[in-house]
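Take any residue in the sequence shown, note its place counting from 1, add 103, and you have its number in the working numbering. Each residue gets a CB set at the ideal place from its N, CA and C atoms; glycine is no exception. It should be emphasised that the depicted structure is a prediction, and the values quoted were computed from it without experimental measurement. Input: a single structure, listed below in structure tokens.
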Amino acid sequence: EDFLFSPERAHTPVKALSGGERNRLLLAKLFTQPSNLLVLDEPTNDLDIETLELLEELVDQYQGTILLVSHDRAFLNNIVTSTIAFEGGGKLAEYVGGYDDWLRQRPATATKATAAQQPKQEKPAAETKVGPKTGKKLSYKDQRELETLPQTIESLEQQLEAAHQALADPSLYQESAEKIAELKQQSEEIEQTLETAFARWETLEALKNNL
């Protein structure tokens, strides 16, 4: 029952379990074994809300050290006690608290870079025409996606800027034609992905504002 299984479901064959029940079974196997260190890679992927809440509780009660990687901003804010962030140039820095705490503590140069990108991020929402309220709610998955899209867009813009700078470097054209073509294709793919991300963000913002 600690892992949300009713007594009558406790002895059900694994193949007969639902997706959520299988995820909870994996959590049970993971957290009931003696350990003092766990490494979790995107642990919230494909979890329903009930199982996500269980995971947060298990992580909070764990007596050892947990190293985890996650794009789930709310999950990080709720459970982590320190954040290790890439600072550029191959350097790492540790900050106290979760994702929002890191945003407040990170160097001013990084904060200014984010601020410079902010108008571009807000533009789709400002142009969105809000129709009559439909009463439809954002799904849990869509809400999580909406929260992480600004960071995704910012990262893509940085990648695109780096690609443009590389293409503008005269020394590039001393390289093979194959390498030049590869870099141009990479730039085009990033640009297409960025356009898709903006469109998706606009769609989710419109849906959110229609609630």
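Beta-ladder partner(s) of residue i, from DSSP
i    : result
D144 : V172
Y198 : T186
G167 : G167 pairs with nothing; no bridge assigned.
G191 : K194
Helix, strand or coil at residue i [DSSP, three-state]
i    : result
S185 : strand
L150 : coil
E278 : coil
S258 : helix
D272 : coil
P137 : coil
R125 : helix
R209 : coil
N180 : helix
Given residue i as reference, the closest of the options once Cα atoms are compared
i    : options                : result
D203 : P146, F189, L249, L179 : L179
Q266 : K282, D149, E190       : Contrary to the premise, residue 266 reads as Ala rather than Gln in this sequence. The shortest C-alpha separation from A266 is found at K282.
Q268 : L252, Q277, E278, K287 : K287
N148 : S274, D272, Y243       : Y243
Q166 : G192, S138, L270, A284 : S138
Check whether residue i and residue j have beta carbons under 8 angstroms apart
i    : j    : result
A300 : T255 : yes
L263 : S290 : yes
D175 : R127 : no
D144 : V183 : no
D245 : L150 : no
P252 : R207 : Correcting the residue identity first, residue 252 is Leu in this sequence and not Pro. Cβ distance not < 8 angstroms, so L252 and R207 don't count as in contact.
L195 : T168 : no
Spatial neighbours of residue i in its chain, beta-carbon cut-off 7 angstroms, leaving aside the 5 residues before and after
i    : result
T214 : With a pLDDT of only 47 at T214, under the threshold of 50, the placement of this residue in the model should not be trusted; the figure read from the coordinates follows. The answer is none, since no qualifying residue turns up.
D163 : I182
8 angstroms Cβ cutoff, residue i in contact with chain C
i    : result
L140 : Absent from the structure: chain C. Only one protein chain is present.
Spatial neighbours of residue i in its chain, beta-carbon cut-off 8 angstroms, leaving aside the 5 residues before and after
i    : result
W205 : T186, A188, Y198
L130 : F106, T154, L157, L158, L161
L297 : I256, L259, E260, L263
E294 : L263
Q220 : In this predicted model, Q220 has a pLDDT of only 49, less than 50, meaning its place in the structure is not dependable enough to derive any value.
Other residues of its chain near residue i: CB distance less than 6 angstroms, five sequence neighbours each side excluded
i    : result
F134 : L161
A177 : none
V142 : L170
E190 : A196
G201 : L179, N180, V183
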